[in-house]
Amino acid sequence: MRSFAVLVLAGLLAALPASPARAVDQVKTANDSLLGTVKSVSPLAVVVEERNGTSREVPVNEIKSISFDEEPAVLKTARANIEAGRYEDGLSALADLNPAEISRREIVQDVEYYKAYSAAQLALVGGGNIAEAGRMLLGFVNAQNNSYHYLDAQMLFGDLAGAAGNPQAAQNAYKTVGQKAPWPDYRARAAVALGQSYLSEEKYAEASNWFKVALNTPDTVPGIQACKLSATLGEARCLAASGKLDQAIEMVQNVIKQADAEDSQLLAEAYNAMGASYRAGNRPKDALLAFLHVHLVYFNSPPNHIEALQNLVDLWEEEKMPERAEEAARVLRDRYKRSPR
7 MRSFAVLVLA
17 GLLAALPASP
27 ARAVDQVKTA
37 NDSLLGTVKS
47 VSPLAVVVEE
57 RNGTSREVPV
67 NEIKSISFDE
77 EPAVLKTARA
87 NIEAGRYEDG
97 LSALADLNPA
107 EISRREIVQD
117 VEYYKAYSAA
127 QLALVGGGNI
137 AEAGRMLLGF
147 VNAQNNSYHY
157 LDAQMLFGDL
167 AGAAGNPQAA
177 QNAYKTVGQK
187 APWPDYRARA
197 AVALGQSYLS
207 EEKYAEASNW
217 FKVALNTPDT
227 VPGIQACKLS
237 ATLGEARCLA
247 ASGKLDQAIE
257 MVQNVIKQAD
267 AEDSQLLAEA
277 YNAMGASYRA
287 GNRPKDALLA
297 FLHVHLVYFN
307 SPPNHIEALQ
317 NLVDLWEEEK
327 MPERAEEAAR
337 VLRDRYKRSP
347 R
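Each step along the sequence shown adds one to the number in my numbering, with nothing skipped, and position 126 is 132.
See the structure below:
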């Protein structure tokens, strides 16, 4: 009799409608992983309702990634590829996704952002069209200006605009970040980018002012030291342009001493700063050696390699060595789809 009752109860339970599974989004930060439902997003924060019912606001500068419960599997694949630097694989994974078929706005924003982000990263290293990538990013920041990706998209658009030879557009993008971001690390990054943009126009006073903004950021801000080292290199270039070559070279050498031996991007940036300083000080042979250091040792930092090659074209021509100038120009064309300045 008892067995019969158990069977009847089991049958009744099986007949009840299953309770719907609660959607679970995941917000990853450097120190935590929040599970719950993303209730709202903005350029500055994401609000998550955790599974215990409490709401938590996560500042955008603390977010590493967000995955959404309903997102297509190919978006997860694309995000993993992109985070690993495999931008072509990321774009391939996203190619068949139609945003019009996705109902959740935050997922549409992620799809559009990762497409534009990947196209931009490829374009900056010669793997795509800078103008087209710029249009994609501009379309994103105009249409999705409430996305938590908004500030990063503005920074990247600035990089593309600078690479396309449009410093004014680059500066506008960087200033947008500096004005909207409440966090010292973002403001310092924008200040360094602004300084570098003004350097490209040989506006040394303006560049120096922005580098000083970054250098005056408190040392307690997480991750600020790398930003300050870049600002120091920019300030060294400004000093060299004003005739203070010895002081500039000393600053660059101090950065090289502080740099991690594996930090090829910072070291490439440092040797480019050294080369630019020597060029400003009318020491072309020393400049050649510095830029060759980037070309031969730190070529895996594409933006810095491009700058070194552009300078090498000029310097080899000045040294009456056209074959070597043409070799540097060929690498620019073939690898990066760039022309000498």
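Ideal placement from N, C-alpha and C gives every residue a C-beta, glycine not left out.
By how many angstroms is the C-alpha of residue j removed from the C-alpha of residue i?
| i | j | result |
| --- | --- | --- |
| residue 321 | residue 289 | 10 Å |
| residue 68 | residue 113 | 20 Å |
| residue 77 | residue 33 | 14 Å |
| residue 176 | residue 280 | 24 Å |
| residue 152 | residue 110 | 14 Å |
| residue 156 | residue 324 | 44 Å |
| residue 243 | residue 58 | 54 Å |
| residue 180 | residue 125 | 20 Å |
| residue 63 | residue 73 | 16 Å |
| residue 329 | residue 187 | 48 Å |
| residue 82 | residue 169 | 30 Å |
| residue 233 | residue 207 | 21 Å |
| residue 334 | residue 315 | 6 Å |
| residue 237 | residue 263 | 16 Å |
| residue 282 | residue 209 | 14 Å |
| residue 103 | residue 117 | 8 Å |
| residue 223 | residue 199 | 15 Å |
| residue 217 | residue 166 | 20 Å |
| residue 27 | residue 97 | Confidence is the limiting factor: at residue 27 the pLDDT is only 48, short of 50, which leaves the residue's position unreliable and the question unanswerable from this model. |
Per DSSP, which one or two residues make a beta bridge with residue i?
| i | result |
| --- | --- |
| residue 285 | Answer is none; residue 285 lacks a bridge partner. |
| residue 51 | 65 |
| residue 35 | 69 |
| residue 153 | DSSP lists no partner for residue 153. |
| residue 46 | 53 |
Please state whether the Cβ-Cβ distance between residue i and residue j is less than 7 Å.
| i | j | result |
| --- | --- | --- |
| residue 273 | residue 304 | yes |
| residue 191 | residue 219 | no |
| residue 287 | residue 246 | yes |
| residue 3 | residue 344 | Look at the range of the chain in this structure, 7 to 347, and you will see that residue 3 is not part of it. |
| residue 182 | residue 150 | no |
| residue 249 | residue 201 | no |
| residue 119 | residue 88 | no |
| residue 42 | residue 54 | yes |
| residue 297 | residue 317 | yes |
| residue 300 | residue 277 | yes |
| residue 95 | residue 30 | no |
| residue 93 | residue 115 | no |
| residue 50 | residue 66 | yes |
| residue 132 | residue 342 | yes |
| residue 306 | residue 270 | yes |
| residue 205 | residue 196 | no |
Would you identify the three-state DSSP class for residue i, choosing helix, strand or coil?
| i | result |
| --- | --- |
| residue 121 | helix |
| residue 344 | coil |
| residue 92 | coil |
| residue 27 | Legend: pLDDT at residue 27 = 48, less than 50; position of this residue unreliable, value from coordinates given subsequently. Note: residue 27 maps to coil in three-state DSSP. |
| residue 41 | strand |
| residue 138 | helix |
| residue 56 | strand |
| residue 214 | helix |
| residue 166 | helix |
| residue 103 | coil |
| residue 3 | Outside the displayed span of the chain (7 to 347) sits residue 3, for which this structure offers no information. |
| residue 116 | helix |
| residue 10 | At residue 10, the pLDDT of 47 sits below 50, so the modelled position is not reliable and the matter cannot be decided from this model. |
| residue 178 | helix |
| residue 187 | coil |
| residue 146 | helix |
| residue 172 | coil |
| residue 83 | helix |
| residue 78 | coil |
Whole alpha helix (DSSP H) runs in the region 225-282 with 4 or more residues, listed along the chain? 230-247 and 251-264
List, from N- to C-terminal side, the alpha helix (DSSP H) runs of 4 residues or more that fit wholly inside the region 293-343. 308-324 and 328-342
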